[in-house]
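This report concerns only the one structure given below.
Number of protein chains: 2
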Amino acid sequence: MHHAPTLADIEAAHARIAPHLHRTPILTSRLLDELSGAHLLFKCENFQRAGSFKARGAFNAILSLPEAQARGGVATHSSGNHAAAVALAARARGIAAHVVMPRTAPAVKKAAVAGYGARILECEPTLAAREAAVAEVVGETGAAYIPPYDHPAVIAGQGSCFLELLADSGGRLDLVTCPVGGGGLLSGTAIAAGALAPEVAVVAAEPEAADDAARGFLLGRRQPQVLPVATIADGLTTSMSALTFGIMREHADAVVIASEEAILEAMRLIWTRMKILVEPSSAVPLAAILERRFDVAGKRIAIILTGGNVDLDRLPWNPATA
Amino acid sequence: MHHAPTLADIEAAHARIAPHLHRTPILTSRLLDELSGAHLLFKCENFQRAGSFKARGAFNAILSLPEAQARGGVATHSSGNHAAAVALAARARGIAAHVVMPRTAPAVKKAAVAGYGARILECEPTLAAREAAVAEVVGETGAAYIPPYDHPAVIAGQGSCFLELLADSGGRLDLVTCPVGGGGLLSGTAIAAGALAPEVAVVAAEPEAADDAARGFLLGRRQPQVLPVATIADGLTTSMSALTFGIMREHADAVVIASEEAILEAMRLIWTRMKILVEPSSAVPLAAILERRFDVAGKRIAIILTGGNVDLDRLPWNPATA
Numbered sequence: 001m002h003h004a005p006t007l008a009d010i011e012a013a014h015a016r017i018a019p020h021l022h023r024t025p026i027l028t029s030r031l032l033d034e035l036s037g038a039h040l041l042f043k044c045e046n047f048q049r050a051g052s053f054k055a056r057g058a059f060n061a062i063l064s065l066p067e068a069q070a071r072g073g074v075a076t077h078s079s080g081n082h083a084a085a086v087a088l089a090a091r092a093r094g095i096a097a098h099v100v101m102p103r104t105a106p107a108v109k110k111a112a113v114a115g116y117g118a119r120i121l122e123c124e125p126t127l128a129a130r131e132a133a134v135a136e137v138v139g140e141t142g143a144a145y146i147p148p149y150d151h152p153a154v155i156a157g158q159g160s161c162f163l164e165l166l167a168d169s170g171g172r173l174d175l176v177t178c179p180v181g182g183g184g185l186l187s188g189t190a191i192a193a194g195a196l197a198p199e200v201a202v203v204a205a206e207p208e209a210a211d212d213a214a215r216g217f218l219l220g221r222r223q224p225q226v227l228p229v230a231t232i233a234d235g236l237t238t239s240m241s242a243l244t245f246g247i248m249r250e251h252a253d254a255v256v257i258a259s260e261e262a263i264l265e266a267m268r269l270i271w272t273r274m275k276i277l278v279e280p281s282s283a284v285p286l287a288a289i290l291e292r293r294f295d296v297a298g299k300r301i302a303i304i305l306t307g308g309n310v311d312l313d314r315l316p317w318n319p320a321t322a
Numbered sequence: 001m002h003h004a005p006t007l008a009d010i011e012a013a014h015a016r017i018a019p020h021l022h023r024t025p026i027l028t029s030r031l032l033d034e035l036s037g038a039h040l041l042f043k044c045e046n047f048q049r050a051g052s053f054k055a056r057g058a059f060n061a062i063l064s065l066p067e068a069q070a071r072g073g074v075a076t077h078s079s080g081n082h083a084a085a086v087a088l089a090a091r092a093r094g095i096a097a098h099v100v101m102p103r104t105a106p107a108v109k110k111a112a113v114a115g116y117g118a119r120i121l122e123c124e125p126t127l128a129a130r131e132a133a134v135a136e137v138v139g140e141t142g143a144a145y146i147p148p149y150d151h152p153a154v155i156a157g158q159g160s161c162f163l164e165l166l167a168d169s170g171g172r173l174d175l176v177t178c179p180v181g182g183g184g185l186l187s188g189t190a191i192a193a194g195a196l197a198p199e200v201a202v203v204a205a206e207p208e209a210a211d212d213a214a215r216g217f218l219l220g221r222r223q224p225q226v227l228p229v230a231t232i233a234d235g236l237t238t239s240m241s242a243l244t245f246g247i248m249r250e251h252a253d254a255v256v257i258a259s260e261e262a263i264l265e266a267m268r269l270i271w272t273r274m275k276i277l278v279e280p281s282s283a284v285p286l287a288a289i290l291e292r293r294f295d296v297a298g299k300r301i302a303i304i305l306t307g308g309n310v311d312l313d314r315l316p317w318n319p320a321t322a
């Protein structure tokens, strides 16, 4: 089993990936401050390369591969942001990327991955079929498997976001909050915050309809995601790994949930008031804040907006989407 | 008749309004640079207070009013961004705002104006009805009329955007481009550029379906807008005034047009690649660039993204909108 990365790993990751990635801005909103009663600092990973924080972990994992291993290329399975991030990072290193995607994945996501020069292998839309297809391509090509979150180099890369938050937030932080799906971003954030700024509370947020992390956090043991999951935050339906669950238990302060209604409302507020595109998953922490799921009064709160890859033809408030 | 503002007026406007407004960021995009063959610097007035550059002109005009005149409040007619900007600026000065809006104006726009504390007066959706209603409220209340573009203080405020562009663009600029509707932003930009950076070409862009500025620029005399106008860039269907037309003739280098198809495509590119919300009007300059309506090869080009107020329930690519 993998072991958790350290602050030194996260700092090394940041130095390794920074030349390739955007130092994303922190935006604020008077209206959202008024609505929340807090001072909110939005870290805009929706502006990150390939459209999400996933580029951090993918670049760190791929740039860390020894030359002999890198030569065989990389492989992964994903229907979303991790696939695009791996494709982009592989292109930056000049190696092949084999990306297994369910044949039902949206054309716009396949186009993004193909646009970065990756080879797409279609499979049936089940986890078993995806894992089998990745195993096959790894066996055939010798490619290194780059998992979406269950890997120390991926977690260390995601943790680099908090280093920028701390440096750029212009004053003390009381709390940092991010969504939790598989737990890669949460793990990296919690390790970095615990080591560098233990006074900053770390709060994970997830949809009420996919509350495996919240239940597990309270019960003290990992809970399976109950499928099928009905949430618009489709990036957060994965289950945590033993590694990310253990890190969460050790370093996070709370896991809060948000209703579907609040997630949609928070997403619309971010779009209309901040004039930026975010995915539904990115809106979950703000949704929990606006539902008063935890005490935010008067606090300076950093919110990681995780990504901005949405299909404009299938927006959740478009009746044609349903 | 009004006379054109000078660079000194624009600099004074900037000093006057800066404490109240955002210094909006300049964003770039690798993909849009690749598509255009130029280096594009996007000045994000969609992030401006009240959601558009109109806040600059409204704040300058309203903060410039002598105290005795300000006490009577302000009035305007607008179905869009200028109404919200006037309402916000009046609230900042602590005076009343009377805003005449056609009864057919979208509820979301009325809500924005009402949200800033202005009094809304509904009228029939014709220019004559709007002007009559404003004249009536001015007569009754003694409010000062704040026109959307035909006023030196409004033009000087809009010109302040270029001062920030020049200071923040991090190197030489070859060209600045913005949309032209009534011509307030174009006029302020062209005066500022002509005085401070005469080497920077000033290019106005408008929809092919509302090409009164382009025709007038070529013919040397003001052309009426031919109604009804069928463009998604609904902010650009107004006609220029004698003042703004004269400034354009003297200080702008070219007026280019863009097709409806290109405007829609450019808007989608800005949304999906830059992850920001812009109005259709904001996409017109990029549309003209991507249609190769003027020579941009290798140039550093500043594009003013004028606003980001859109109704998410009526997006142009939503079939339910048609």
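Chain order of the listed sequences is A and B.
Residue numbering for the first sequence follows my numbering, starting at 1 and increasing by one per position.
Residue numbering for the second sequence follows my numbering, starting at 1 and increasing by one per position.
Where is the CB? At the ideal position from N, CA and C, for every residue including glycine.
Fair warning: this is a prediction, and the values are worked out from it, not measured in the lab.
Residue range of the unbroken alpha helix (DSSP H) whose run includes residue i
i: methionine 101 (chain A); result: Unbroken run through methionine 101 (chain A) is the beta strand (DSSP E), 97 to 102; no alpha helix (DSSP H).
i: isoleucine 289 (chain B); result: 284 to 290
i: valine 154 (chain A); result: 152 to 168
i: alanine 266 (chain A); result: 260 to 274
i: leucine 40 (chain A); result: Here leucine 40 (chain A) belongs to no alpha helix (DSSP H); instead the beta strand (DSSP E) covers 39 to 44.
i: alanine 70 (chain B); result: 67 to 70
i: alanine 13 (chain A); result: 7 to 17
i: arginine 30 (chain A); result: 30 to 36
Three-state secondary structure assigned by DSSP to residue i
i: isoleucine 191 (chain B); result: helix
i: threonine 231 (chain B); result: coil
i: valine 134 (chain B); result: helix
i: glutamate 250 (chain A); result: helix
i: valine 226 (chain B); result: coil
i: leucine 173 (chain B); result: coil
i: alanine 144 (chain A); result: strand
i: arginine 57 (chain A); result: First, the residue type needs correcting, since residue 57 (chain A) is glycine and not arginine in the sequence shown. It is helical.
i: glycine 220 (chain B); result: coil
i: serine 78 (chain A); result: coil
i: alanine 322 (chain B); result: Confidence in alanine 322 (chain B) is poor, its pLDDT being 46 and thus under 50, which makes the residue's placement unreliable; the coordinate value appears in the next sentence. If DSSP states are grouped into helix, strand and coil, alanine 322 (chain B) belongs with coil.
i: alanine 205 (chain A); result: strand
i: proline 179 (chain B); result: strand
i: alanine 118 (chain A); result: coil
i: serine 281 (chain A); result: helix
i: valine 310 (chain B); result: coil
i: valine 296 (chain B); result: coil
i: leucine 315 (chain A); result: coil
i: serine 241 (chain A); result: coil
Nearest to residue i (by Cα), restricted to the options the options
i: leucine 127 (chain B); options: B:Glu261, B:Pro19, B:Leu227, B:Ile26; result: B:Leu227
i: alanine 153 (chain B); options: B:Ala4, B:Asn318, B:Trp317; result: B:Ala4
i: isoleucine 304 (chain B); options: B:Leu40, B:Ala61, B:Cys123, B:Glu122; result: B:Leu40
i: phenylalanine 245 (chain B); options: B:Gly73, B:Ser259, B:Asp212, B:Ala97; result: B:Asp212
i: serine 78 (chain B); options: B:Arg56, B:Ala133, B:Ala61; result: B:Ala133
i: alanine 96 (chain A); options: A:Ala111, A:Asp9, A:Thr76; result: A:Thr76
i: glycine 80 (chain A); options: A:Ala61, A:Gly72, A:Ala92, A:Val100; result: A:Val100
i: glutamate 11 (chain A); options: A:Glu164, A:Gln225, A:Ser259, A:Ser282; result: A:Glu164
i: alanine 156 (chain B); options: B:His2, B:Ala143, B:Arg93; result: B:His2
i: leucine 290 (chain B); options: B:Thr231, B:His22, B:Glu34; result: B:Glu34
CB contact below 9 Å: residue i versus chain A
i: arginine 268 (chain B); result: yes
i: alanine 322 (chain B); result: Caution applies to alanine 322 (chain B), whose pLDDT of 46 falls short of 50 and renders its modelled position unreliable; the value that the coordinates give is listed next. False, the Cβ-Cβ gap to chain A never drops below 9 Å.
i: glycine 308 (chain B); result: yes
i: glycine 51 (chain B); result: yes
i: leucine 21 (chain B); result: no
i: valine 113 (chain B); result: no
i: leucine 27 (chain B); result: yes
i: phenylalanine 59 (chain B); result: no
is_contact[residue i, chain B] using C-beta, thresh 9 Å
i: aspartate 313 (chain A); result: yes
i: valine 278 (chain A); result: yes
i: threonine 76 (chain A); result: no
N- and C-terminal bounds of the beta strand (DSSP E) containing residue i
i: leucine 305 (chain A); result: 300 to 305
- Touching by the beta-carbon criterion (3+ pairs, under 8 Å), the stretch 202 to 209 of chain B and the stretch 240 to 255 of chain B: Because the criterion of three Cβ pairs below 8 Å is met, the stretch 202 to 209 of chain B and the stretch 240 to 255 of chain B touch.
- Evaluate contact between the stretch 41 to 51 of chain A and the stretch 84 to 92 of chain A, counting only Cβ atoms and requiring at least three cross-stretch pairs below 8 Å. In this structure the stretch 41 to 51 of chain A lies against the stretch 84 to 92 of chain A, because at least three pairs of beta carbons, one per stretch, are closer than 8 Å.
- Message: Check whether the stretch 165 to 178 of chain B and the stretch 235 to 242 of chain B are in contact - that is, three or more C-beta pairs closer than 8 Å.
- Response: Taking a cut-off of 8 Å on C-beta distances, the stretch 165 to 178 of chain B does not touch the stretch 235 to 242 of chain B, as fewer than three cross pairs fall below it.
- Query: Is there contact here, the stretch 63 to 81 of chain B with the stretch 160 to 171 of chain B, by at least three beta-carbon pairs under 8 Å?
  - Reply: Two segments are said to touch when three or more pairs of C-beta atoms, one from each, lie closer than 8 Å; by this definition the stretch 63 to 81 of chain B does not touch the stretch 160 to 171 of chain B.
- Check whether the stretch 307 to 317 of chain B touches the stretch 16 to 35 of chain B, taking contact to mean three or more Cβ pairs, one atom from each stretch, closer than 8 Å. As far as the Cβ criterion goes, the stretch 307 to 317 of chain B does not touch the stretch 16 to 35 of chain B, which means the pair count is below three.
- Are the stretch 263 to 277 of chain A and the stretch 272 to 279 of chain B touching, with three or more C-beta to C-beta distances below 8 Å? With a cut-off of 8 Å, the stretch 272 to 279 of chain B and the stretch 263 to 277 of chain A count as touching, because enough Cβ pairs lie within range.
- Say whether the stretch 182 to 201 of chain B touches the stretch 216 to 223 of chain B, bearing in mind that this needs 3 or more beta-carbon pairs closer than 8 Å, one atom from each stretch. No, the stretch 182 to 201 of chain B is not in contact with the stretch 216 to 223 of chain B.
- Stretch-stretch touch, CB-based, cutoff 8 Å, three pairs: the stretch 113 to 132 of chain B with the stretch 12 to 19 of chain B: Counting Cβ pairs under 8 Å, fewer than three are found: no touch.
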